[in-house]
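Using the working numbering, the letters of the sequence shown correspond one by one to residues 753 to 865. Below is one structure; the comments refer to it alone.
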Amino acid sequence: FEWENFVPCGCFLWDNGDGTMLIDYNTAQTGCLAEPRAQLICHSSATGPPSPQTNQPTSSPTPLVPPAPTPTSTSYLRLEQGVGSMCPSDMESVSEDECLNAANLVGSNLDLP
Numbered sequence: 753f754e755w756e757n758f759v760p761c762g763c764f765l766w767d768n769g770d771g772t773m774l775i776d777y778n779t780a781q782t783g784c785l786a787e788p789r790a791q792l793i794c795h796s797s798a799t800g801p802p803s804p805q806t807n808q809p810t811s812s813p814t815p816l817v818p819p820a821p822t823p824t825s826t827s828y829l830r831l832e833q834g835v836g837s838m839c840p841s842d843m844e845s846v847s848e849d850e851c852l853n854a855a856n857l858v859g860s861n862l863d864l865p
């Protein structure tokens with residue numbers, strides 16, 4: 753089924769109109785639309801404050817390399833139904849690989865398959 757010119761780009765929830773939802777992913781990068789029955793799922797590109805680190809003394813200086821941030825359930829956002837065909841500029845698209853997990857995190861109170 754082709755979603756192009758019909759639904760948002762990326763990961764989204766689809767309201768079936770009967771109280772159930774569908775999780776799907778539109779791979780198109782153009783021709784995406786804000787559909788009233790769809791809710792786009794985005795990932796916050798902002799990271800939280802760095803965690804404090806305690807370094808043990810070493811015999812020679814070593815550079816401090818902070819760990820890369822990892823996504824948390826609070827870094828995903830489900831846009832309102834029918835709002836946006838792509839993620840806002842301050843957010844990133846959820847990858848196809850993380851779509852199901854992200855949808856389950858943001859839709860924990862919904863009737864998802």
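Ideal placement from N, C-alpha and C gives every residue a C-beta, glycine not left out.
In three-state terms, what does DSSP make of residue i?
i           : result
residue 837 : coil
residue 796 : strand
residue 825 : The pLDDT assigned to residue 825 is 49, lower than 50, so where the model puts this residue is not dependable; a value taken from the coordinates is nonetheless given after this. The answer is helix: DSSP assigns residue 825 an H, G or I state.
residue 844 : strand
Residue i: buried (16+ other C-beta within 10 angstroms of its C-beta) or exposed?
i           : result
residue 759 : buried
residue 835 : exposed
residue 861 : exposed
Could you give the residue range of the beta strand (DSSP E) that holds residue i?
i           : result
residue 851 : First-last for residue 851: 851-858, but that is the alpha helix (DSSP H), not the beta strand (DSSP E).
residue 789 : First-last for residue 789: undefined, no H or E at that position.
residue 764 : 762-767
residue 861 : Careful: residue 861 lies outside any beta strand (DSSP E) and carries neither H nor E.
Return the chain-ordered list of same chain residues with a C-beta closer than 7 Å to the C-beta of residue i, the five sequence neighbours on each side being excluded.
i           : result
residue 768 : 774
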